[in-house]
Every structure is written in structure tokens, then in C-alpha cells.
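Structure, as C-alpha cells:
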Amino acid sequence: ALVHLSDEGGAVDDFYEPWPVIWRQYYSEALAERWGAKLRFLPLGYASGHRRLAPTTTPASTRPLAWFFGGDARPPRREKLRALGEAVPRGLVHATARSTTGRSWRDDVWSAATVSDVTSAAALCPAP
35 ALVHLSDEGG
45 AVDDFYEPWP
55 VIWRQYYSEA
65 LAERWGAKLR
75 FLPLGYASGH
85 RRLAPTTTPA
95 STRPLAWFFG
105 GDARPPRREK
115 LRALGEAVPR
125 GLVHATARST
135 TGRSWRDDVW
145 SAATVSDVTS
155 AAALCPAP
């Protein structure tokens, strides 16, 4: 089996042919259609440093943010986020140049602890 990490855009699959099973980190509808049953998806989950929820979690209806999106806000996502912002006020977008949550070596990327705090303050966290 091949384990393919990264490639959020689904642009790199030219080496899949000889493998009987491919596990991909990011879902891609186009690649799922192209490769069929041999392609499977395994999201890796949170980056290291995310905090556990407190024993008593704040009810969603009382959180300060209605929603939060953090990550690569490329053009198709920007339009969706704009529409969400118009429909549901009290949202926050933290756009990064690329998806690298938790890396401290880039100015536009927040630490995993900061992302954890902000997502805990939001009632909804849309994901692409």
C-alpha cells in the first residue's frame, strides 16, 4: 500500500498506478472517481499542541464566535466564506497562504494552541 500525505489540492497522482491500495490524507472527489476502490482516505486529525476540551464545555449558543475558519482561503473558498459571513455574522477568518496549521516558522500561521483556543470559542468551524 502507498500512504500519500499532503497534496491538499489533489494535483499529484501520477505515481498511483502500480499500487493496489492508496491511502490519501486529503479527500478529493475527482481522484476518488478516477481511482475507484483502490483509493481510500485517512484524515490525520489535529496537529500536535491542540488542547483537550475542559470538563464543562461552553454551550455553542453562548460562544463569542458564531463560526471560525482557519487555513488556505484560495479563491473558491473565499467566495464561500464571504457568503457565510453575510449570512451568519460574528465569524472570523484567519487566512493563511497555504495549509500548514501549527507551524511556527511562518508569520501567517497560528500555533496549534491558538487555533485550539479560537475553535473552542466558535459554535461552528466549517472545513473545506
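Going by the working numbering, the first residue of the sequence shown is number 35, and it counts up by one from there. Built from N, CA and C at the ideal position, the CB exists for glycine as well.
I think glycine 104 touches valine 152, with their Cβ atoms under 8 Å apart; what is that distance to the nearest whole Å? Counted from its first residue, the sequence shown places residue 104 at position 70. Counted from its first residue, the sequence shown places residue 152 at position 118. By a beta-carbon distance limit of 8 Å, glycine 104 contacts valine 152. Their separation comes to about 7 Å.
Considering only the alpha carbon of each residue, which of His38, Gly43, Ala66, Ala64 lies closest to phenylalanine 49? Here residue 49 refers to the residue found at position 15 of the sequence shown. Phenylalanine 49 has its Cα closest to that of His38, out of His38, Gly43, Ala66, Ala64.
Determine, using beta-carbon pairs with one atom in the region 53-72 and one in the region 110-127, whether at least three such pairs fall under 8 Å. Output reads no: the region 110-127 does not touch the region 53-72.
Could you check what DSSP says for serine 138 in three-state terms: helix, strand or coil? The count along the sequence shown starts at 1 and reaches residue 138 at position 104. Caution applies to serine 138, whose pLDDT of 49 falls short of 50 and renders its modelled position unreliable; the value that the coordinates give is listed next. Here serine 138 sits in coil by DSSP.
Looking at the strands, I want to know which residues DSSP matches up with aspartate 20. Absent from the structure is residue 20, since the part of the chain shown begins at 35 and ends at 162.
Reference serine 145; option with closest CA among Tyr60, Ala66, Thr130: To locate residue 145, count along the sequence shown from 1; it is residue 111. Comparing Cα positions, the closest option is Thr130.
Are the beta-carbon atoms of alanine 157 and alanine 107 separated by less than 8 Å? Taking the sequence shown and counting its residues from 1, the one referred to as residue 157 is at position 123. Taking the sequence shown and counting its residues from 1, the one referred to as residue 107 is at position 73. In this structure, alanine 157 sits away from alanine 107, with a CB-CB distance that is not shorter than 8 Å.
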